[in-house]
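K.L.:
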Amino acid sequence: MHGCTGVMIVMIQAHFARRCNRMSIAVSPPQYPSAPSLVEYPHPALRRVAEPITVFDDQLRQFCARMFVVMENEKGVGLAAPQVGVSKRLFITDHLRKKDTPERDPRIWINPRIEAAEGTQVYEEGCLSFPGIYAKVTRPNRFDIIAQDEWGVERRQSLDVTAGDFLGIVVQHELDHLDGRVFVDHLTPVQLTLIRRKLSDLEKAYKKSTGQVGAVLRR
Ligand code: CO
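Going by the numbering used here, the sequence shown opens with residue 17, and the numbers climb by one from there.
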């Protein structure tokens, strides 16, 4: 059923576009950006705790479709709304994108929560908002994730990372983003030392392009 999500989004987009063409006036200011773009560390949006989504409408679904375009362009396996500057509890994944095949499994996760977490596993993670930085992160191994889809329907899924569910890494990483956490927050002081130079480079680039310091990680 999840495999249909991408096709459905395209159909929704086409439907929405036709409707917009008939309507000549804008009814209300857009809640979501029409052209979302990736923000990188130390952009402060990455540190905000995101708000729950309560309205499951065409605007939301069209925003999800636009997030998939951003994720595809950036060649990511996951993207959270705060990573495009939108402080809402929503992320998207396509964990099969990792493999070098045309296989895809696009999914939308809204207001997600994790229950019954147990065990630990270690996996080398990266993040589109931290280009060029990779580090091993320890997280729970088995857990249930409960989330709504783009229609507001809630589903529960059990994941077991060491049993082969790479998706279990992705959803934990993305859920962190909704709480203003990023993967480098999980690192030990020694691990942080190893990526210190790359973090500094991102901080300098951010200051150069925005004139702001941003939400700099203390280390
Ligand atoms: Co990330």
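From the three backbone atoms N, C-alpha and C, an ideal C-beta is built for every residue, glycine too.
Tell me which same chain residues have a C-beta within less than 7 Å of the C-beta of His111, skipping the five on either side of it?
P.N.:
Around His111: Val93, Asp121, Phe182, Leu183, Val186.
K.L.:
If I follow the unbroken beta strand (DSSP E) through Ser174, where does it start and stop?
P.N.:
That run of the beta strand (DSSP E) goes 170-176.
K.L.:
Note down the Cα distance separating Glu131 from Asn89, rounded to an integer number of angstroms.
P.N.:
Each residue's Cα considered, the two are about 32 Å apart.
K.L.:
Under the rule that 16 or more other beta-carbon atoms within 10 Å means buried, what is Gln188, buried or exposed?
P.N.:
By the neighbour-count criterion, in which 16 or more other beta carbons inside 10 Å mark a residue as buried, Gln188 falls on the buried side.
K.L.:
Check whether the segment 161-179 and the segment 143-152 are in contact - that is, three or more C-beta pairs closer than 8 Å.
P.N.:
no
K.L.:
Taking the CB atoms as reference points, tell me whether Glu61 and Glu190 lie closer together than 8 Å.
P.N.:
Rather than Glu, the amino acid found at residue 61 in this sequence is Ala. Cβ distance not < 8 Å, so Ala61 and Glu190 don't count as in contact.
K.L.:
When the Cα atoms are used, what is the spatial distance from Val100 to Gly196?
P.N.:
13 Å
K.L.:
Determine the extent of the beta strand (DSSP E) in which Thr154 is found, giving its start and end residues.
P.N.:
151-164
K.L.:
Tell me whether Ser53 counts as near ligand 1, meaning its Cβ is closer than 7 Å to at least one heavy atom of that ligand.
P.N.:
no
K.L.:
How far does the beta strand (DSSP E) with Tyr139 in it extend, from its first residue to its last?
P.N.:
123-141
K.L.:
Would you mind working out which of Ile126, Asp74, Pro118 sits nearest Lys104, comparing C-alpha positions?
P.N.:
Ile126
K.L.:
Is the beta carbon of Val153 less than 8 Å from the beta carbon of His202?
P.N.:
yes
K.L.:
Between which residues of its own chain and Val229 is the CB-CB distance below 7 Å, once the five residues before and five after are set aside?
P.N.:
Lys223
K.L.:
Suppose you measure from the CA of Pro52 to the CA of Arg82; what does that come to, to the nearest Å?
P.N.:
7 Å
K.L.:
One question on the structure: do Val198 and Ile211 come within less than 8 Å of each other, judged by their Cβ atoms?
P.N.:
no
K.L.:
Based on the DSSP secondary-structure assignment, which residues constitute the bridge partners of Leu95?
P.N.:
Paired residues: Ile108.
K.L.:
Quick one: does the C-beta of Ser10 sit closer than 7 Å to a heavy atom of ligand 1?
P.N.:
Only positions 17 to 235 of the chain appear in this structure, which leaves residue 10 out of reach.
K.L.:
Any heavy atom of ligand 1 closer than 7 Å to the beta-carbon of Phe199?
P.N.:
At least one heavy atom of ligand 1 is nearer than 7 Å to the Cβ of Phe199, so yes.
K.L.:
What did DSSP end up calling Glu56 once you bin it into helix, strand or coil?
P.N.:
coil
K.L.:
Just checking His111 against ligand 1 - is the residue's beta carbon closer than 7 Å to any of the ligand's heavy atoms?
P.N.:
His111 Cβ: outside cutoff for every heavy atom of ligand 1.
K.L.:
I'd like the list of long-range same chain contacts for Arg129, defined as Cβ closer than 6 Å, with 5 residues on each side in sequence excluded.
P.N.:
Ile162
K.L.:
With distances taken from CA atoms, which of Gly148, Ala151, Asp176, Thr204 is nearest Asp160?
P.N.:
Asp176
K.L.:
By the DSSP assignment, the alpha helix (DSSP H) with Thr209 in it spans what residues?
P.N.:
205-226
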